[in-house]
Each structure stands twice: as C-alpha cells, then as structure tokens.
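Report on one structure; see the data block that follows.
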Amino acid sequence: MEKENLRLDEIIREENIVFKKTPLLTDKVFSYCPGCGHGVVHRVIMEVIDELGIQSETIGISPVGCSVFAYDFMNIDMQQAAHGRAPAVATGIKRCWPDKYVFTYQGDGDLAAIGTSETIHACNRGEHIAIFFINNGIYGMTGGQMAPTTLPGMKSSTTPYGRDTRLMGNPIKITELVATLPGTYFVTRQSVHTAVNVRKLKKAAKMAFENQKLKKGLSFIEVVSNCNSGWKMSPIQANRWMEENMLPFYPIGDIKINGNFVKRN
Amino acid sequence: MADIKLMKGNEAFAEAAIRAGCDAYFGYPITPQSEVLEYLTAQEPHKRTGMVVLQAESELAAINMVYGAAGTGKRVMTSSSGPGISLKQEGISYMAGSELPCLILNVMRGGPGLGTIQPSQSDYFQATRGGGHGDYYTPVLAPASVQEMSDFVKLGFELAFRYRNPVVILSDGIIGQMMEKVELFPQQPRLAEFDQSWVTTGKTPDRKRNIITSVDLDSARQEKHNQDLQKKYQRMRENEVRFESTNCDDADYILVAFGSASRICQKTVKIAREKGIKLGLLRPVTLFPFPAEEIKRLGRQVKGMLCVELNAGQMIEDVRLAVENNTVVALHNRMGGMVPTPEEVYHAILQKFSIE
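First to last, the protein sequences are chains A and B.
Under this note's numbering, the first residue of the first sequence carries the number 17, and numbering increases by one thereafter.
Under this note's numbering, the first residue of the second sequence carries the number 30, and numbering increases by one thereafter.
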C-alpha cells in the first residue's frame with residue numbers, strides 16, 4: 017500500500033498533468049448519481065465559459081429537477097427559476113443586460129412539459145440566450161415518473177407497465193419543434209456517453225455562447241442523457257440502452273446552424 | 030412649473046414608471062389594466078430612458094421575467110388584474126423567498142373565477158396575506174386617486190428596495206379607469222450602480238458569486254431564513270404604516286374604507302356632517318402593514334365603525350382584530366362590480382347604528 021502511494025506521488029506532478037478540473041466548477045461534491053450525465057454536461061459548459069473568459073459576464077439559470085442545485089457546482093452568478101420558467105427568467109435578464117451571456121439549464125419535465133410555453137415563446141422571440149436541455153426521458157428528482165420525452169413502452173414509476181401512447185400520449189420531440197421557429201439560430205442534439213460525443217457537445221456549447229455576441233437568435237442544445245437510477249440499470253447498461261432505444265428516436269446531430277436547416281440524408 | 034395632466038389612473042401609473050427610472054416592465058393584457066402596457070408601448074420608453082417594455086406570452090412568463098431582471102438589481106415592474114395576479118402568485122412567492130424587489134400593480138376586478146371586468150376590492154385577502162404559498166407578506170399600497178397611482182410608483186420602488194421585497198399596489202377598476210388631474214413628478218435617472226453584494230450580473234474576481242434562490246433543503250437553515258423574513262415583515266409593521274384621517278378627531282362614528290370605496294365615503298362624511306352626525310373616515314393607505322394601532326385608538330373613542338368595501342367583507346376582519354371589541358364594527362358592502370352611492374352608505378350608518 018505504502019509502496020503504491022510512493023509510486024503515485026511520483027506520477028502526480030505538474031509536468032505530468034494532462035487534465036485539470038476547471039476552476040469554474042466548485043469543490044462541492046456532485047449530488048448526481050454515479051453514471052449520470054449531468055456532471056459531464058456541467059463540466060463542459062463551465063470549461064467553455066472558462067476558455068472564452070466570460071465568467072464575469074455570464075448568468076446561468078437552474079431549473080427545478082435534478083439540476084436544481086446546479087448553482088452549487090457552477091462557479092458563476094446564477095438564479096434558480098420556478099419549475100419550467102427558466103426561459104422567461106433568462107429573457108428578463110437578457111433584455112436588461114443585452115451584452116451579458118445568459119443560459120438556462122433544464123431537464124425534460126421542466127422544459128418540455130410544465131415550461132413548454134416559456135420554451136416555445138423564448139425561442140420564437142429569438143431571445144439571444146442559450147438553452148441547454150438535458151433529456152433522459154424521466155423525472156429523476158421526484159423518483160422516476162413519466163416525462164414528456166419518455167419513449168413508447170418505456171417503464172417509469174407512473175408507467176409501470178410501459179408508456180401506452182393511447183392512454184398517455186406520445187413523446188414530444190421539442191428540439192425539432194423549436195427548430196421550425198424563426199427565432200432559433202442554432203439547434204442541435206448531442207450526447208455525453210462517449211468521449212467523442214463529449215467533445216462534440218463542447219464544440220456546440222462554445223458556438224451557443226459565441227452566437228450570443230451575434231444577437232441573431234436563440235441557441236438550443238439538447239443533450240440526450242441517461243438516468244441509470246430512474247431506469248433501474250447500471251451506468252454501462254443505461255448507456256447501452258440509451259444508444260439502442262433513445263438515440264434512434266432522438267437522433268444526434270445538428271438540426272439548424274446559423275439560422276439554416278442542416279440537410280440530412 | 031408643475032407638470033399637471035389629465036390622465037387615466039392606469040396611464041398615470043405607466044407615465045410615473047418611466048419617470049421613476051423604472052428599468053423594465055413585463056406584462057400581459059387584461060381588462061381593466063391594459064392601458065398600462067398600451068401607454069408604455071406607445072411612449073417607446075426605450076427611446077426616452079432606455080426602459081425595457083415587453084409583452085410576455087402569459088402572466089406566468091411576465092412575473093418570471095420580472096424575477097430574472099430583479100435578480101440583477103434592476104427596478105422592474107408588472108401589472109395585471111385578479112385572474113392574472115392569481116397566475117403571478119407563484120412568481121411573487123419565489124421573489125419573496127429569494128428577497129427580490131419589484132413593483133406589482135393589481136387593478137382589481139370582480140371575482141371569483143373570470144368574474145367581471147367591473148371594479149371590485151375582492152383581492153384584499155390575496156394581497157394582504159401574501160397571496161401565494163409559504164409564509165410571506167408584501168407591502169400593499171392602496172391608491173384612492175389618479176395622483177396616488179403616480180406617486181405610489183416612486184414610493185413602491187423605495188419600499189421594494191428598502192426591504193428587498195415585492196411591493197403590491199392594490200388599485201381597482203375605478204381608480205385605474207377614471208380620469209383626474211395629476212401632478213407628475215420630474216424624470217428621475219435609471220439606476221447606474223448595483224449592489225454587488227447580491228445581484229447576479231456576472232461574477233467578477235473581486236467578489237463571491239451571487240445566487241438568487243428560495244430553495245434550501247436544510248431545515249435548520251430554512252427555518253432561520255423564515256425567521257429572518259418574519260423580522261423583516263415586523264420592521265415593515267413598525268415603520269411603514271400609512272393612513273389618512275378625515276374628521277376623526279371628534280367623531281362618534283367612523284367609516285373605514287380604502288381605495289375607491291374611501292372616495293365614496295368622503296362624500297358620505299360631508300353628507301353626515303351637514304345633518305349633524307359626527308362622522309369620520311379612516312382610510313388605510315397601507316393595507317399591509319395595516320394601521321391597527323390607529324384603529325384600536327379610534328375604537329376606544331367612537332360608538333361604532335362601519336367598514337365599507339367592494340367585496341364580501343375582507344378588511345373588516347383586520348378592523349375587528351384591531352379594535353379588540355372596544356366598539357361595534359359593522360359592514361356595508363357591494364360585490365360583483367356594483368358600487369354604493371354616498372347616500373346609500375349614509376343610510377347604512379343610520380340603520381346599522383340605530384341613529385334617529
């Protein structure tokens with residue numbers, strides 16, 4: 017044991033460090049379940065703000081849901097919004113401070129159920145903000161109930177026999193929906209289940225912040241993520257299930273860039 | 030030279046907002062307060078002072094836009110009427126919990142439900158008891174004239190920032206719609222500096238990051254937060270009580286009425302005095318904090334009090350609590366948009382207190 021520690025001491029040296037936690041993440045331990053995608057998305061957004069050097073000009077808005085305490089982890093000025101109202105809160109800030117960077121961080125229940133109206137109208141007005149939409153097809157915080165994005169047949173604590181679309185309606189593809197609105201300038205769907213996807217999300221996140229300088233409309237980034245606790249799976253199983261079930265229904269890729277639809281085969 | 034104009038109450042409120050250096054207004058149309066948004070958009074205050082005006086998609090969105098902007102230290106306001114104010118209660122509760130300043134105008138109409146577009150005072154309970162979920166209060170100012178629709182904007186913002194709390198101006202369809210002369214105060218500058226101890230305008234290296242939130246799952250901390258809020262409301266009770274007395278010094282009987290009802294009662298006092306009845310009028314200007322001490326004092330002096338309200342009798346509960354059974358407290362009320370005449374109130378006095 018002692019021998020191993022000595023070996024680690026030799027390895028952990030400044031010149032050997034290839035990865036560091038961004039100072040824009042606090043030292044607070046994440047409240048998220050091991051295997052959850054929230055932590056990675058938090059890191060990516062904070063790294064982008066750090067690299068762009070805009071901490072002093074950025075205001076984030078946390079939702080109601082698992083990420084309600086995002087402000088405990090993100091080392092920036094933040095507001096906590098009522099359930100679903102984050103795009104309205106962001107609008108209030110951005111209209112008063114048009115040169116600041118404003119983003120919301122919302123889950124599927126927050127953004128696509130109770131906050132549908134605020135989401136659609138902020139997108140349609142073309143508020144110059146960024147919306148990060150974490151879609152794991154379930155209400156995590158309240159214990160795994162059906163979300164507006166729960167897949168047909170998918171089990172949750174309120175669809176214990178699977179989502180029957182005849183009774184419970186269909187999952188909503190809100191990202192495709194907001195892409196049709198003239199106010200959205202950049203609409204994309206990403207994921208964080210592989211290193212390659214994390215890098216792609218980071219590129220998209222960077223674009224979402226840089227777009228705010230252009231004042232040409234809203235940037236909307238969906239991140240398809242897992243909820244291994246809510247899905248009752250191991251993290252590895254959950255990522256596999258996500259690839260096999262979520263991604264065919266919610267395909268990854270850019271939908272709209274610089275205000276124009278991306279051609280897809 | 031005084032700047033005197035003939036204006037509707039709602040217009041005077043909107044003009045006063047621009048002049049008070051308000052930074053932003055977020056609203057949604059509803060009768061009888063739509064003139065506020067109409068006046069503001071017609072004035073293009075973004076050209077006059079740089080003030081932001083935005084018609085939101087709903088009252089829910091409007092109050093949450095107010096929340097966001099208020100969280101950055103700006104002077105922000107919204108306006109609505111009963112049904113819309115009900116929708117805004119979620120946001121008002123969050124703002125009280127997060128200790129954010131803002132100004133909210135309620136031009137009351139009759140309820141419950143969609144009710145009527147005619148004037149009423151039936152949102153008294155809602156306004157003076159907090160209105161939304163949780164233990165909180167907001168200072169409530171009740172204007173009785175177009176002049177006060179203007180003056181209370183300035184006072185309202187002062188109170189909102191003094192206590193970092195939402196402030197409600199509880200008007201009604203009469204005060205909002207009627208035209209009177211109003212002396213407008215001169216243009217004040219918009220805020221240039223912001224209290225960096227709490228606003229979310231971006232974390233700079235010289236200060237800690239600021240967070241606007243009302244949530245805390247630690248019960249001990251949440252209790253402390255609630256105790257601190259209650260202390261703040263107590264300071265309001267001690268320092269912000271406002272009322273207006275008319276002929277109360279020698280009165281045998283007192284009318285207690287606020288807002289438009291008090292305007293009717295002013296005439297009733299004249300009628301009664303002409304007939305030799307020593308009648309006075311106590312008008313609460315702040316409904317929270319309520320002028321309980323003054324009413325208690327008058328209760329020891331008079332033979333009876335008559336509450337005149339355009340509702341089922343809501344303020345009368347506060348009056349009864351205040352007088353502590355020292356005098357008889359009766360009610361004359363109308364509802365659903367009906368308004369009593371001064372003579373009707375006069376006859377109610379005679380009848381309720383068996384005056385020959």
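Built from N, CA and C at the ideal position, the CB exists for glycine as well.
None of the values given here were measured: they were computed from a predicted structure.
Nearest residue (CA-CA) to residue i, options the options
i: R292/B; options: L350/B, M207/B, L188/B, G161/B; result: M207/B
i: S108/B; options: A31/B, V331/B, P195/B; result: P195/B
i: L69/B; options: T229/B, Q216/B, I47/B, A189/B; result: I47/B
i: R329/B; options: C277/B, N255/B, Q380/B, T315/B; result: C277/B
i: F287/B; options: A99/B, E40/B, L35/B, V348/B; result: V348/B
i: R312/B; options: R302/B, V285/B, E323/B; result: V285/B
i: V105/B; options: G111/B, I121/B, P112/B; result: I121/B
i: W113/A; options: Q228/A, G269/A, N255/A; result: Q228/A
i: L193/A; options: G160/A, C82/A, E238/A, C243/A; result: E238/A
i: V298/B; options: A98/B, R266/B, P320/B, M334/B; result: M334/B
i: E64/B; options: Y165/B, R77/B, V136/B; result: V136/B
i: T230/B; options: F119/A, F35/A, I273/A, K44/A; result: F119/A
i: D152/B; options: Y192/B, G202/B, G126/B; result: G202/B
i: G142/B; options: S127/B, I114/B, A301/B, G97/B; result: I114/B
i: K210/B; options: V175/B, S226/B, W227/B; result: V175/B
i: Y166/B; options: L327/B, K232/B, R266/B; result: R266/B
i: V64/A; options: G199/A, D43/A, N91/A, E134/A; result: N91/A
i: P103/A; options: L40/A, H137/A, E26/A, V203/A; result: H137/A
i: W227/B; options: V357/B, R193/B, P234/B; result: R193/B
i: I188/A; options: V34/A, A128/A, N152/A; result: A128/A
Chain-ordered chain E contacts of residue i [CB-CB under 9 Å]
i: T74/A; result: Reference to chain E is not applicable here, since the protein chains of this structure are A and B.
Per-residue burial, residue i [other beta carbons within 10 Å of its own, 16 or more giving buried]
i: K248/A; result: exposed
i: H361/B; result: buried
i: H75/B; result: exposed
i: M124/B; result: buried
i: I271/A; result: buried
i: K37/A; result: exposed
i: M17/A; result: Because M17/A carries a pLDDT of 47, less than 50, the predicted location of this residue cannot be relied on, and no value is offered for it.
i: K37/B; result: buried
i: P223/B; result: Looking at the sequence provided, one finds Phe at residue 223/B rather than Pro. It is exposed - the Cβ of F223/B has fewer than 16 other Cβ atoms within 10 Å.
i: H162/B; result: exposed
i: A221/B; result: exposed
i: L199/B; result: buried
i: L350/B; result: exposed
i: Y375/B; result: buried
i: S383/B; result: exposed
i: T210/A; result: exposed
i: S241/A; result: buried
i: G79/B; result: exposed
i: Y177/A; result: exposed
Test item: CB-CB of residue i and residue j under 8 Å
i: P168/B; j: I204/B; result: no
i: L83/B; j: R111/A; result: yes
i: A221/A; j: I75/A; result: no
i: I154/A; j: A163/A; result: yes
i: L134/B; j: S87/B; result: no
i: M258/A; j: L167/A; result: no
i: V197/B; j: A249/B; result: no
i: R182/A; j: M170/A; result: no
i: N93/B; j: V105/A; result: yes
i: M183/B; j: A41/B; result: Per the sequence shown, residue 183/B should be read as Lys rather than Met. Going by C-beta atoms, K183/B is not nearer than 8 Å to A41/B.
i: L132/B; j: A189/B; result: yes
i: I145/A; j: L230/A; result: no
i: I147/A; j: F277/A; result: no
i: C243/A; j: G131/A; result: no
i: F55/B; j: G108/A; result: yes
i: D124/A; j: T165/A; result: yes
Check: residue i C-beta below 7 Å from any heavy atom of the ligand NAP
i: G97/B; result: This structure lacks the ligand NAP; in fact it carries no ligand of any kind.
Beta bridge counterpart(s) of residue i as assigned by DSSP
i: F149/A; result: Q122/A, E238/A
i: V331/B; result: In the DSSP output, where bridge partners are listed per residue, V331/B has none listed.
i: M208/B; result: K37/B
i: P148/B; result: R138/B
i: R205/A; result: E238/A, G269/A
i: I240/B; result: M94/A
i: A359/B; result: L335/B
i: S274/B; result: L311/B
i: S248/B; result: For S248/B, which the question treats as bridged, DSSP gives no partner whatsoever.
Contact between the stretch 238-247 of chain B and the stretch 88-96 of chain A: three or more CB pairs below 8 Å?
yes
Counting Cβ pairs, one atom from each stretch, are 3 or more of them under 8 Å apart for the stretch 331-339 of chain B and the stretch 362-374 of chain B?
yes
Within 8 Å, do at least three Cβ pairs link the stretch 32-39 of chain B to the stretch 210-225 of chain B?
yes
The stretch 208-218 of chain A contacting the stretch 55-72 of chain A, beta-carbon criterion three pairs below 8 Å:
yes
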